[in-house]
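Worksheet for the structure shown next.
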Amino acid sequence: MDIKKTVDLSWDDFDELRSPRPADNDFDQVVERAVSRRGFLGGALAFGSGAAVFGSGVLGQAGRAAAQTSGFAFTPVPAGTGFDLTVPEGYDWKPLVRWGDALWSEADGAYGSDGVVPVAMSDKVFGENTDGMETFDVDGRTVLVINSEYANPQINLPEASEGMAASADEVTLLKNIQGVTVMEIADSGTGFEVVKDSPLNRRITHDTQMTMDGPAAGHALVQTNADPEGRSPKGTMNNCGSGRTLWGTYLTCEENFNGYFGATGEMSATEGYDRYGIGAEGRYAYETFDPRFDLTTEPNEPNRHGWITEIDPADPASTPVKHSALGRFKHENAAMVQAADGRVVVYMGDDERGEFIYRYVSNGTWAEGQPTDGLLSEGTLYVAKFNDDQTGAWLPLTPESTGMAIEEILVFARMAGSKVGATTMDRPEWIATNPLRAEVYCALTNNKNRGVSGNAGGDAAPVGGPNPREVNNYGQIVRWWPTDEDHGADSFSWDLYVMAGNPSAAEGMYRGSANVTPGNMFNSPDGMVFSSDGMLWIQTDGDDSNEGEFEGMGNNQMLVGNPETGEIARFLTAPNGAEVTGLTWSLDRKVAFVGIQHPGGSWPDGKGKPRSAVVAVWREDGATIG
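Per the numbering used here: the sequence shown = residues 1 to 626.
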């Protein structure tokens, strides 16, 4: 593999180029199963009562001509195709912070006219490719914690490097502009701005010292030459979605960590490497200049990544903690709620085609003011099984159910999920929990392999259940209700809130569900967050070509969905080329902070290279927005 030719690929395409998925599904069997689902496909295709797929609210109250948006406090915006950001009439926006902006005064002017930041200042500026984010109140101060998912070497490195790190310094630069930013913001009277030099400001990078807890900590699988005890990993990487704990700390989620490792010499492929997409060529050439990322000498280093990491935004001196009890996979985000008996529950998705949805349930219980020790290190990891009759179960991943040691279960959670027969999903992205009732939503962004090939472990990906379309390029949102409204229950019921599609250019099920109209159509739902009023905010990361099966969809966007009626309305459109990702609010809920990742053109500066940014959006009349 010529790594210089792969740096422009999406992470999904990078994975499949390295390790093509086995075409192990029997297509005749797939079709037979789909057809036999009495009324499932037929009802969905005809957009009938939807009794087998969709909640009665979605199809009964929001027909194809619906989405009247009567319940929304804004006039929906049309699809966008340009290189600017659009919000509804009566709303306004401005950049809050851009990639390369200084967090400390010494880094003023570090972002140069060439779009490159000096290595010495690279950990003192806001990071690249913003993603998940959360707001915290720290002694009356507003603190944002924001992920920086990955780098764009063609943009972030000097032109002479041709998009690939050519020295140890350039590797350090790339490592520093990714990770997590903790920063104080304040309203200056003309809107929110970064508080430079705040004692709460902090950058957490690929080299930041961490600690690991839970059953896998100290195990041979996570021991390295640099850390023979296996308890002190360095760095958090490819930080995608986020979460917050009930006690006010930040959860950052490591997604496509596999692409950061390579081998300068001979290496042995293992089942674990294959299942997690780890190979001899890294995406950024880290292995060439940093032995920690060289599989030849540190074969266990990848096992120290792919975890959920907890960060305390109120204590800049605190050491981030990787929680092994929550399992290792390509974490999209972490949605924490509480069971009826006070146990802590965390819902998590594994963002890869044909992988699983997980749940963690703590052994101990928690209430306001009580200690949090052990809540994220002592518990049980489960994986989801979705049945065709719209019931489901959480399958425990234990030595008894898998035949694996607990440490192996956690390090190789994907393989454990395969052993118990978990449902292969269409790329589980963000999971959001409704603050008004026991209800959970998961964005299944897309899966071109559905009905064609299985996952990297050989698990089949048949058509059916919450994944009703083969070669699914549009995606859908599944939701479930835990039995007895208790997140600690081991069973649930489910339906589809929406199937994205194109009612103007596609046929059959690819038109989308009845709550998708020519005025709100979209593809590839990704980020999802509930606002305090129980509305579901949906962000997309899909095809913005506006051609073929995506004609009329325009740029990526942020929509608002009503869980009661099924109505969906477009709130914001991003610049062409960008993904909309990450959403949080000011403490008074009057300002929404939205992430715009990898924009095209020269956004937002209007000149020079494009810069990912977090924008502030507000109502001009000063009313709350979420």
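Positions of the beta carbon are idealized from the N, C-alpha and C atoms, including for glycine.
Worksheet entry | Terminal residues of the beta strand (DSSP E) in which G364 lies | G364 -> beta strand (DSSP E) spans I357 to T365.
Discussion item. Here's a check: name, in chain order, each residue in its chain whose Cβ is nearer than 6 Å to the Cβ of N258, leaving out the five neighbours to either side.
Written reply: Result list for N258: Y276, G277 and I278, in chain order.
Item to complete: Go through its chain and collect everything with a Cβ distance to A613's Cβ below 6 Å, but skip five positions before and after it.
Response: Counting only Cβ-Cβ distances below 6 Å, and skipping sequence neighbours, we find P95, R98, I596 and P604.
Item to complete: Please classify D24: does DSSP put it in a helix, a strand, or coil?
Response: The predicted model places D24 with a pLDDT of 42, which falls under 50 and marks its position as unreliable, so this point remains unresolved.
Discussion item. In chain order, what are the residue ranges of uninterrupted beta strand (DSSP E) at least 3 long that sit wholly in the region 144 to 216?
Written reply: Scanning the region 144 to 216 for uninterrupted beta strand (DSSP E) segments of 3 residues or longer gives 179 to 187, 192 to 194, 202 to 204 and 211 to 213, listed from N- to C-terminal end.
Worksheet item: Three-state secondary structure (DSSP) at T75?
Response: Residue state, collapsed to three classes: coil.
Item to complete: Could you tell me which residues DSSP puts in a beta bridge with R353?
Response: Beta-bridge annotation (DSSP): R353 is paired with D426.
Worksheet entry | Continuous beta strand (DSSP E) assignments of at least 3 residues falling wholly in the region 382 to 454 | For the region 382 to 454, the continuous beta strand (DSSP E) assignments of 3+ residues that do not extend past its boundaries occur at 391 to 396, 428 to 433 and 440 to 444, in sequence order.
Discussion item. If I measure Cβ to Cβ from R589 and keep anything under 7 Å in the same chain, skipping five residues before and after, which residues do I get?
Written reply: Excluding its 5 nearest sequence neighbours in each direction, R589 has C-beta neighbours in its own chain below 7 Å: S532, T624, I625 and G626, listed in chain order.
Fill in: Integer-rounded CB distance, given that A102 should sit under 8 Å from K629
Summary: the structure shown does not reach residue 629, with the chain confined to residues 1 through 626, and so no result is reported for it.
Worksheet entry | N556, DSSP secondary structure in three states | It is coil, neither helix nor strand.
Discussion item. On a Cα-Cα basis, can you pick out the residue from H323, G109, Y91 and S113 that is closest to S602?
Written reply: If we check each option's Cα against that of S602, S113 comes out closest.
Discussion item. With the cut-off set at 8 Å, would you say T208 and G235 are in Cβ contact?
Written reply: Yes, the Cβ-Cβ distance between T208 and G235 is below 8 Å.
Fill in: DSSP state of M121 mapped onto helix, strand, coil
In the three-state scheme derived from DSSP, where H, G and I count as helix and E and B as strand, M121 is classed as helix.
Worksheet item: Thinking just about the alpha-carbon of each residue, which of M183, L536 and W366 is nearest to the one in G561?
Response: Looking from the CA of G561, the closest CA among M183, L536 and W366 belongs to L536.
Worksheet item: Do V452 and G417 come within 8 Å of each other at the CB atom, strictly closer than that value?
Response: Not a contact, by the Cβ cut-off of 8 Å.
Item to complete: Compare the Cα-Cα distances from N449 to each of I177, P468 and S586 and report the closest residue.
Response: The residue with the shortest Cα to Cα distance from N449 is P468.
Item to complete: Would you identify the three-state DSSP class for A67, choosing helix, strand or coil?
Response: In this prediction, A67 has a pLDDT of 38, which is less than 50 and means its spatial position is unreliable; nothing more can be read from the coordinates.
Fill in: CA nearest to the CA of T540, picked from P518, P563 and R570
The shortest C-alpha separation from T540 is found at R570.
Worksheet item: What number of angstroms, rounded off, separates the C-alpha of G606 from the C-alpha of R343?
Response: A direct Cα-to-Cα measurement between G606 and R343 gives close to 50 Å.
Worksheet entry | Cα-Cα separation, S504 to S545 | Distance between the alpha carbons of S504 and S545: 15 Å.
Fill in: Terminal residues of the beta strand (DSSP E) in which D274 lies
Taken as a continuous stretch (DSSP letters only), D274 belongs to no beta strand (DSSP E), being part of the alpha helix (DSSP H) at E271 to Y276.
Fill in: Reduced DSSP category for Y474 - H, G, I as helix; E, B as strand; rest coil
Coil at Y474, not helix or strand.
Discussion item. If distances are taken between C-alpha atoms only, which option among E567, P610, L144 and G191 comes closest to I641?
Written reply: Given a span of 1 to 626 for the chain in the structure shown, any question on residue 641 remains unanswerable.
Practice prompt. Locate the beta strand (DSSP E) running through E287, then write down its first and last residues.
Written response: Per DSSP, E287 belongs to no beta strand (DSSP E); it is in the alpha helix (DSSP H), Y286 to F289.
Fill in: 8 Å contact criterion, which N520 and L559 should meet: CB distance rounded
So it is a contact: roughly 6 Å between Cβ atoms.
Fill in: Coarse secondary structure for V222, derived from DSSP in three states
It is helical.
Fill in: Among G465, P462 and W481, nearest to T433 - alpha-carbon criterion
Out of G465, P462 and W481, W481 has the C-alpha closest to the C-alpha of T433.
Worksheet item: Which stretch, first to last residue, makes up the beta strand (DSSP E) that contains E244?
Response: Position check: residue 244 holds Arg in this sequence, whereas Glu was assumed. First-last of the beta strand (DSSP E) with R244: N239 to R244.
Worksheet item: Out of curiosity, what's the CA-to-CA distance linking M553 and A616?
Response: Looking at the two C-alpha atoms, the distance is approximately 24 Å.
Worksheet item: For A102, does the three-state DSSP call read helix, strand or coil?
Response: Note: A102 maps to strand in three-state DSSP.
Worksheet item: Does the distance from the C-beta atom of I409 to that of G349 stay below 8 Å?
Response: When the beta-carbon positions are compared, I409 and G349 stay at least 8 Å from each other.
Worksheet item: Whose CA, out of A226, E184, Y111 and E567, lies closest to the CA of I177?
Response: In terms of CA proximity to I177, Y111 leads the group A226, E184, Y111 and E567.
Item to complete: Following the continuous beta strand (DSSP E) through D526, name the residue where it begins and the one where it ends.
Response: Annotation for D526: the continuous beta strand (DSSP E) segment containing it runs P525 to F530.
Practice prompt. Could you say if the region 305 to 322 and the region 247 to 258 meet the contact criterion of at least three C-beta pairs nearer than 8 Å?
Written response: Yes: at least three Cβ pairs fall under 8 Å.
Worksheet entry | For D526 and N147, the rounded distance between their alpha carbons | Cα to Cα, the separation comes out at about 15 Å.
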